[in-house]
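Q: Residue numbers (the working numbering): 121 to 325. The C-beta atom is built at its ideal place from N, Cα and C for all residues, glycine as well.
1) Apart from the five residues just before and just after residue 154, which ones in its own chain have a Cβ nearer than 6 angstroms to its Cβ?
2) Using the Cβ count rule (16 or more neighbours within 10 Å means buried), how would you classify residue 270?
3) Where are the beta strand (DSSP E) runs, 3 residues long or more, that stay fully inside the stretch 151-202, in chain order?
4) With DSSP as the reference, label residue 127 as helix, strand or coil.
5) Among 282, 309, 207, 303, whose alpha-carbon lies nearest the alpha-carbon of residue 252?
6) Given a cut-off of 7 angstroms on the beta-carbon distance, is the pair residue 186 and residue 215 in contact?
7) DSSP state of residue 228, grouped into three classes?
8) Thinking C-alpha only, which one of 233, 248, 221, 305 is nearest residue 268?
9) Output the boundary residues of the beta strand (DSSP E) element that contains residue 272.
10) Less than 8 angstroms between C-beta atoms, sequence neighbours within five positions excluded: which residues of the same chain meet that for residue 308?
11) Cutting at 7 angstroms between CB atoms, please list the residues of its own chain near residue 273, excluding the five before and the five after it.
12) Is the CB-CB distance between residue 140 and residue 227 below 7 angstroms?
13) What is the rounded straight-line gap between the Cα of residue 184 and the Cα of residue 124?
14) Would you kindly work out how many angstroms separate the C-alpha atoms of residue 266 and residue 176, rounded to a whole number?
15) Return the bridge partner residues of residue 221 from the DSSP annotation.
16) Verify whether the separation of the beta carbon atoms of residue 122 and residue 163 is less than 7 angstroms.
17) Measure the C-alpha to C-alpha separation of residue 149 and residue 221 and round it to an integer number of angstroms.
18) Helix, strand or coil for residue 252 per DSSP?
19) Please classify residue 234: is it buried, with 16 or more other beta-carbons within 10 angstroms of its beta-carbon, or exposed?
20) Taking the DSSP output, what are the residues bridged to residue 149?
21) Can you name the residues that DSSP bridges to residue 244?
22) Suppose contacts are defined by Cβ-Cβ distances below 7 angstroms. Is residue 281 in contact with residue 291 by that definition?
In structure tokens:
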């Protein structure tokens, strides 16, 4: 029996996932978490955590994933979210997620993904796999995870100084990241970089 933890801040989503997954004879939902912090507390003793990325407040799903997967004998974390930007995908994978699915996945695909994740197999939604393949085919033109992080903070309206404090970097390093981001996106300003990043699915719209 594969023991599951559902981590999502929407009760209706958790109820729907439970209803779908518990029709499978080898899957059992043993706990639910409405926050990333709660997911970290409840993760011990389960086999797979289905982790959303964006909770109402507090810790991000990727941060919780990193905490969960760092523990000895940790469960596998399967991200289940609506977000398919490069920034979200890379952050989750770097945090140790075994798989990344989108919430529009058919029920049979979700059940199969849970089983594969439980055995340590990597599970990626087709759209996610496509984005990662595109990054591999053109690595020189792809923004690094750190560049995507900087661009996301620019999109949030932070200044270079504010970004440097948030990421514990020097302001000169932030400017250097932007100097690399602009030519990769074919732009010459912060506003254009944000627009291009959103259009290309690098950061959230």
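A: The relevant details are as follows:
1) 129
2) buried
3) 168-171, 196-201
4) strand
5) 207
6) yes
7) helix
8) 305
9) First-last for residue 272: 265-275, but that is the alpha helix (DSSP H), not the beta strand (DSSP E).
10) 302
11) 283, 286
12) yes
13) 16 angstroms
14) 24 angstroms
15) 200
16) no
17) 18 angstroms
18) helix
19) buried
20) 124
21) 220
22) yes
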